[in-house]
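Numbering (the numbering used here) for the sequence shown: 3 to 380.
The structure under discussion appears below in the form of structure tokens.
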Amino acid sequence: MSTTAPRDPYEVLGVARDADDTTIKKAFRRLARELHPDVNRHDPDAEEKFKQAAEAYEILSDAERRATYDRYGHDGLRTGGQAPNFDGFGSISDLFDAFFGGAFGGGGASRTGPRQGDDVAVAAHVTLGEAYTGRQVEVAFEAIDRCEHCHGNGAEPGTPIETCERCGGQGILQAVTRSPFGQVVRQVACDRCGGDGRIAVQPCETCDGRGLVVGHRRLDVDVPAGIADGQRIRVSGRGHAGDRGGPPGDLYVVVQVEADEHWLRDGDDLVTAVDLAAPRAALGTTVEVDHPGEGPLTVEIPAGTQPGEVITIRGKGMPMLRRTGRFGDARLVANVIIPRRLTAAQRELLEQLAESVDGEQLRSDESVVGKLRRLFGK
Ligand SMILES: [Zn+2]
Ligand SMILES: [Zn+2]
């Protein structure tokens with residue numbers, strides 16, 4: 003799937019053709035955050051999307067390459083023999099580190115400063131009825147918290163913290179790595195002090211000197227009415243704790259709407275099938291359907307309803323997300339059933355009926371194609 007035609011980098015990053023460097027950088031960072039592997043562990047497309055974004059950024063962040071692309075498109079870049087190649091990276095996490103681990107963006111970004119915590123993704127299950135009404139769900143997950151015993155500094159309370167000898171208190175070491183952008187000198191966190199520049203003489207007993215602990219959390223999250231399967235709710239600041247005083251990451255709740263026994267969802271519409279005995283379909287009747295959000299619903303079935311015909315009930319579908327007061331429709335597909343076994347009396351009645359029905363009563367204006375469409379639900 004990585005051999006698809008290259009996409010327009012402006013389109014990938016969602017920026018205008020005359021966007022300035024700051025806008026481009028911002029757009030890339032925002033996109034990269036959305037595609038972060040912690041959030042998208044279950045999305046196989048995320049890696050590919052991130053690669054596309056990285057490639058787009060690689061072109062647009064370089065004035066010369068951007069000018070070449072503007073004039074000649076991707077072909078112009080290819081003739082330069084400079085097509086970027088991200089295959090050397092083992093995983094999307096490595097790719098991320100290459101971009102945000104200090105090799106890129108601003109140059110020489112120190113690891114010793116505050117670092118925002120990572121995002122956390124957690125699944126929440128709701129029924130179709132709950133998706134209809136919206137509800138509060140409790141999610142439980144594990145996230146990194148600041149250690150309360152040492153207040154995050156990693157030292158057993160009352161014991162000293164000394165300057166790291168390995169990095170001289172800088173918290174960073176130089177490392178040369180190869181990347182799609184040639185050899186780059188990366189600044190990596192010191193492996194001795196973990197980037198702090200300082201080491202606790204007696205590490206905190208609770209967190210082993212890390213200053214952070216894994217905590218079990220429970221949180222009530224409002225699932226809005228109308229949510230669809232797979233949609234994510236972002237809860238700001240409820241992800242992993244930040245490092246060295248950095249802000250926490252975000253929590254993403256991925257909502258999974260369970261399949262319903264009786265109703266299918268089609269966009270904002272709800273679809274179900276109703277069984278109708280053939281004589282009832284001919285005579286017209288009322289049926290009761292169990293609506294996932296509103297309970298029993300009485301529906302008029304008009305006389306002469308044909309197999310596969312759809313009865314639409316306006317406004318009885320799913321509520322539209324973020325469009326208060328608006329709903330999709332409910333669609334009932336008539337499943338007309340011909341009786342398979344007949345008593346002698348019924349048989350006689352049907353024979354009489356068959357004799358009496360004439361061609362004019364069966365005639366309809368529907369074309370053959372129209373009939374097929376109705377029967378196959380197309
Ligand atoms: Zn601690
Ligand atoms: Zn160090």
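C-beta atoms are modelled at their ideal positions from N, C-alpha and C, and glycine is treated no differently.
The bridge partners DSSP lists for Pro-8 come to none. If you check the CB distance, Val-255 and Ala-126 come in under 8 Å. With contacts defined as CB atoms closer than 8 Å, Gly-131 and Pro-294 qualify as a contacting pair. For Thr-326, the distance from the CB to the nearest heavy atom of ligand 1 is not below 7 Å. Excluding the 5 residues flanking it on each side, Arg-19 has same chain C-beta neighbours closer than 7 Å at Tyr-12, in chain order.
Summarising the contact set, residues whose Cβ lies nearer than 5 Å to any heavy atom of ligand 1 are, in chain order, Cys-149, His-151, Cys-152, Cys-206, Thr-208, Cys-209. At least 8 Å separates the beta-carbon of Ala-177 from that of Arg-168. Closer than 7 Å to some heavy atom of ligand 2: that does not describe the Cβ of Arg-236.
The three-state reading of DSSP puts Glu-57 in helix, counting H, G and I together. Secondary structure note for Thr-135: its alpha helix (DSSP H) is the uninterrupted segment 130-135.
In the displayed model, Leu-221 falls within a strand according to three-state DSSP. The criterion of a C-beta distance shorter than 8 Å is not satisfied by Ile-339 and Asp-268. Beta-bridge partners assigned by DSSP to Pro-205: Ala-157. Every residue whose Cβ sits closer than 5 Å to any heavy atom of ligand 2 is listed here in chain order: Cys-166, Arg-168, Cys-169, Cys-192, Arg-194, Cys-195. Scanning Asp-245, Val-190, Ala-202 for the CA closest to the CA of Glu-164 turns up Ala-202. Under the 10 Å beta carbon count, Ala-123 is surrounded by 16 or more other beta carbons and is classified as buried.
Glu-260 carries a coil assignment under DSSP once its states are collapsed to helix, strand and coil.
In the same chain as Asp-292, and ignoring 5 residues on each side of it, the C-beta atoms closer than 8 Å to its own belong to His-264, Pro-298, Leu-299, in chain order. In this structure, Asp-231 sits away from Gln-138, with a CB-CB distance that is not shorter than 8 Å. The C-beta of Ala-280 has fewer than 16 other C-beta atoms within 10 Å across all chains shown, which makes the residue exposed. Taking a C-beta distance under 8 Å as the contact criterion, Gly-16 and Gly-119 do not qualify as a contact pair.
For Arg-376, the uninterrupted alpha helix (DSSP H) run begins and ends at 370-378, by DSSP.
Per DSSP, the continuous beta strand (DSSP E) segment holding Ile-313 begins and ends at 312-315. Val-17 is bridged by DSSP to nothing; it lacks a bridge partner.
In the structure shown, Gly-297 adopts extended strand secondary structure according to DSSP, grouped into three states.
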